[in-house]
Structures are given as structure tokens and as C-alpha cells.
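Shown next, in C-alpha cells, is the structure this report addresses.
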Amino acid sequence: MKRTEIVQLLKPEFYQAHLEQTVLLMGWVKAFRANRFIALNDGSTINNVQVVVDFENFDEEIIKKISFHSCIKVSGKLIESQGAGQSIEIQAEDIEILGESNPADYPIQPKRMTMEYLREKAHFRMRTNTFSAVFRIRHAVAYAVHKFFNDKGYIYMHTPIITGSDAEGAGEMFRVTTFEPQQAPTTEEGEVDYSQDFFGKATNLTVSGQLQAEIGALAFGKVYTFGPTFRAENSNTSRHLAEFWMIEPEVAFFDIMDDMDLAEEFVQYLINYVLDNYPDDLAFLDKRIQDEEKNMPKEKRRPMGLIEQLRFVVDNDFERITYTEAVNILRNSKPYKKGKFEYDVEWGTDLQAEHERFLVEKKFKKPVIVRDYPKGIKAFYMRLNDDQKTVAAMDVLFPGIGEVIGGSQREERLDVLIERCEAAGIPAEELWWYQDLRKFGGAPHAGFGLGFERIVQFITGMSNIRDVIAFPRTPGNAEF
Ligand code: 4AD
Ligand code: MG
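Residues -8 to 471 (this note's numbering) make up the sequence shown, in order.
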């Protein structure tokens, strides 16, 4: 007999057509109550199916081995359920234990466990309801990314993971080398001689695929990347990973306004896709947060339920302001005047997380796009505005998360680009090919980067970014 997946089994059109027939299921035991009711899950859906065991018909040895997260194969008759809460159940006829799991040694228990503990058991945490929902939604968002761009005619481009240029300036990099640390050849000046290394030059893991995506944009018109990126910053926060995934569209003939329109449409599309297609997983995560917040004081609870917040973000336009307006709003705000911000707000310095949160959560109470930042705090490739003081950069800020997107219109004027490189101390010859793009058939263009885990974090409502990636890499952690 062929195995039926539980997601299939639970569809009315399937079970109505198969009532009183025998089906074959395989999966993990979520609960075994009264030696009679198995809640079985095979990962194809957050929902379990109830298997009713008449234990007199089964060997005691088998019954003993049906325990939390043991893996079983069951064939049985599909019948309408007698109990409340489910429409069908399976009357077990035959049970085979595929994989025992001794509950005494098994690190996961059928009760609430801390996220920190589960991170240490990452090889098992996907079997829990919470992570099952999170990683199903992570998949959904990844699929929706490709669908969104494919439907719009974008070309998916794979940019290199190992990069020979360290000019992106987006953060600290991880060095890639085949040298043994103790035996690296050195130059006469006593520095490591990377000309003898594998690639004949110093190489790193990429922090962004943008500069290469620009090559694609000036050939195909519109491209996007979706790949892993690496930053060796020592940021131990709930929003930073050393290895994370980024989606970077890059579009010829776009200016900063087009860029913001695309960013808003894109993230709303992703959220809508999950709302439309994964209601059960979202409902589970929504309830999980409500349960967690039940005993919290009111001011610590989230202002909206998870699904309510997602709907709110797709139903309302994002607020759009300039950096200069943001600074004015912040300097006139109550927390600023009362000295409640830890960091000062002054034109020319970067907005801190606390400032971004004020704008999004207190002032506008919705996502905010801030644009036209001072050139001094942004990357060399961002297009210089006519005021000569600001660049055409934009950040999309979300409630609870802060920055989910950073993007800009790119500097397409060669002379200005060279000046900005020099000001940033970047050797011009290193980016010879980037300059060539401006010399030969250059075009105005723009793009942005969406932090994949940050948007998954927002959609799932998980408090820590480490809980939306299967195997988080953070300072001091690279297990699994
Ligand atoms: O703002 P960032 O640094 O922008 C770039 O890298 C540009 N090259 C993008 C572009 O224009 N094509 O990073 C983009 C996004 C951030 O907004 C944030 O969501 C995410 O990447 N991000 C991180 N996510 C997790 N952990 C980290 N350490 C992150 N650093 C950035
Ligand atoms: Mg940024």
C-alpha cells in the first residue's frame, strides 16, 4: 500500500472519498494518551491525525514503544471521528515501530521548553510544533520571493560567495584561505603573502551580492539575488547573525522612488502570500504568543496579535520620510526632551535602534521608509543628491524588528563615484570592473537588500532571529 501524507489525509475531498478504507501513515508520535490515542504528525502539516489503538489487539512490546517522538508506521481504517476537535481518525490495524525513542534519554519533552535550550538541540527542534510552523513559513517566504520576481520577469542571479574585493564596506568580513595559520608565507614586510594563496589574492566570504548584481542589472534590466551572506561583526543581538540570507533586487532605470515602491510591494506580497497559504501555522504561532504574554504586564505585551499585525502591514501604506525629517521628529519628541534616549540625535549621525523604534512603534505606528541619509554615514556607491550632503539611500523599518531593508539608487556618474571612493579610502583600481559599468553603457539604477531572516522573524513573530534559521551562526556558536 502507498503511504498517505497527513496533509493530504486531512483534506475533506480526500477523506470523504476514502471513508471506511484502509490507509497507510508514517510519522512521529506527538502524544499517546491513555494507551489509546496517538496524535501522529509527519511534518507535512502542523495538524496531527488521531490514531485510535485498541491495545488488546496489539503486542504489549509494541504499545510500550509508542512514545513521544518515536517514529511509527500505521495502517488502519479511516473513519469519521467520534471525538470532538477532529473530523476523522484512524482505527489502527497494524503498527510497526520504525524508530524507537527512549523518553528517559530524549532531550525534548512534551512540555514548554525555552528557546535557548532548544537551540542547543537544533537536531530535534524542528520536530516541535513551534519550529515546525516557523520553518514551514520560512520555506513559504523563500518560495514567494522567487514567485514574486519570476512573475515580474526578473532574472535570478547567483553572485559569488567567495569574493576578492573587500570594498563593499557593509561590514567585517571572514577571510577565506587555505594557509595554515602558523605557516602562512609572508612578504618582505612581514605581512601574509596572499599572492601565494589559493586564489592568488586575499579573499573573503561575501557580505552582499549587490556589486555583482549591478552587472546583471545592466545586462538584463532587472535581476535579483537570493543567497547567503556573512558578517563577522560581534553583534550579540536578537536581530544579527554572522551567516544570514539576503535578497537583493537590482533594476536598471529605477530611481530611489521606484526602489521604495518595489520594496513596499515586495514585502507586502511576501506577507500576503503567507497569510493566504499558511493560515494554520500562523494561527498556531499567534496563539503561542498570546499564551506567552498571558502572564505579562500589559505594557510588555505586543500591541497587536500576530495575524492582526501582518494584516495591518499589508493593508496600510508605509510612511515615507526623509532622514532630515526623522531627525526633526526625534529632536521634538517627548523621550528626546526628557532625556530618555540613550544615544543623542544629531543631523549627520546614524539613527540608533531606539530612534527607529520610536518612529515606527510610537510616532507612525506602521512601517516607515527613511530616505536621503547624510553621505558621511552611507556607502560610497549610493547616489549623491543635488544638495551634495545627502545620498539617495533608503531603509525600511518594521515594528519590533527595526531595519528589514536597506537600499539605494546607485551612483552612475563615474567622476562622482571616483570622488566618493577616494573619500572612503577605497583604492579605485580594485573596483575597475565596477567603474567599467559606468564607462560603457551605464544607466541609472537602484536596488535594495532584504534580510531574509528579519522578514521571517517578523512574519512568525519569533523574538530572536536565531530561531528562524535552522543552524544559527553567531559569535561563539557554530554547532551542527
Ligand atoms: O543594509 P545592508 O547592509 O545593505 C546591503 O548589504 C546592501 N548591499 C543591499 C543592497 O542595496 N543591495 O543589509 C541589507 C539587509 C538589512 O536591512 C538587514 O535586514 C539585513 O540585510 N542584515 C542582517 N540580517 C541578519 N543579520 C545581520 N548581521 C544583518 N546585517 C544586515
Ligand atoms: Mg543597512
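A virtual CB, placed ideally from N, CA and C, is assigned to each residue, including glycine.
Just verifying my parser: in three-state terms, what is the DSSP assignment at residue i?
i	result
Y314	helix
D306	helix
A83	strand
R(-6)	strand
K354	helix
V155	The sequence shown places Gly at residue 155, not Val. Three-state DSSP puts G155 in coil, outside helix and strand.
G67	strand
N468	strand
D341	coil
G367	helix
G207	helix
Y473	Residue 473 is absent from the structure shown; the chain starts at -8 and stops at 471.
R292	coil
R362	strand
Shortest alpha-carbon distance to residue i belongs to which of the options?
i	options	result
P390	A384, G452, L405	G452
Q400	H9, K64, R116, D246	D246
M(-8)	A8, M17, I417, L1	M17
F189	Q174, F170, L375	F170
M148	G90, Y97, A208	A208
K102	H60, Q12, P3, T197	H60
G397	F471, L408, V359, E352	V359
A75	Q41, A83, R429, E84	Q41
V198	G393, V167, N227	V167
L441	P240, A223, Q300	P240
K498	Q300, D458, D341	This structure leaves residue 498 out entirely; the chain is present only between -8 and 471.
F5	I70, A22, I417, K64	I70
Applying the criterion that 16 or more other CB atoms from any shown protein chain within 10 Å of the CB defines a buried residue, is residue i buried or exposed?
i	result
W424	exposed
M373	buried
I153	exposed
Y314	buried
H114	exposed
W338	exposed
N479	Given a span of -8 to 471 for the chain in the structure shown, any question on residue 479 remains unanswerable.
Q203	buried
D335	exposed
M287	exposed
N195	buried
I86	buried
D272	buried
N48	exposed
D363	buried
F140	buried
Exercise. Write down every uninterrupted run of the alpha helix (DSSP H) in the stretch 209 to 281 whose length is 4 residues or greater and which is fully enclosed by it, in chain order.
Key: 247 to 268
Practice problem: Pick out the complete alpha helix (DSSP H) segments inside the stretch 378 to 465, 4 residues or longer, and give them in chain order. | Solution: 405 to 414, 423 to 430, 443 to 451
Self-check item: Those runs of the alpha helix (DSSP H) which lie wholly inside the stretch 98 to 139 and span at least 4 residues
Solution: 106 to 111
Quiz prompt | 4 or more residues per run - each alpha helix (DSSP H) lying fully within the stretch -5 to 58 | solution = -3 to 0, 3 to 9, 51 to 56
Quiz prompt | Residues surrounding the ligand MG [beta-carbon distance to nearest heavy atom under 7 Å] | solution = D386, E394, G397
Self-check item: Within the stretch 165 to 200, ranges of the alpha helix (DSSP H) (whole runs, at least 4 residues)
Solution: none
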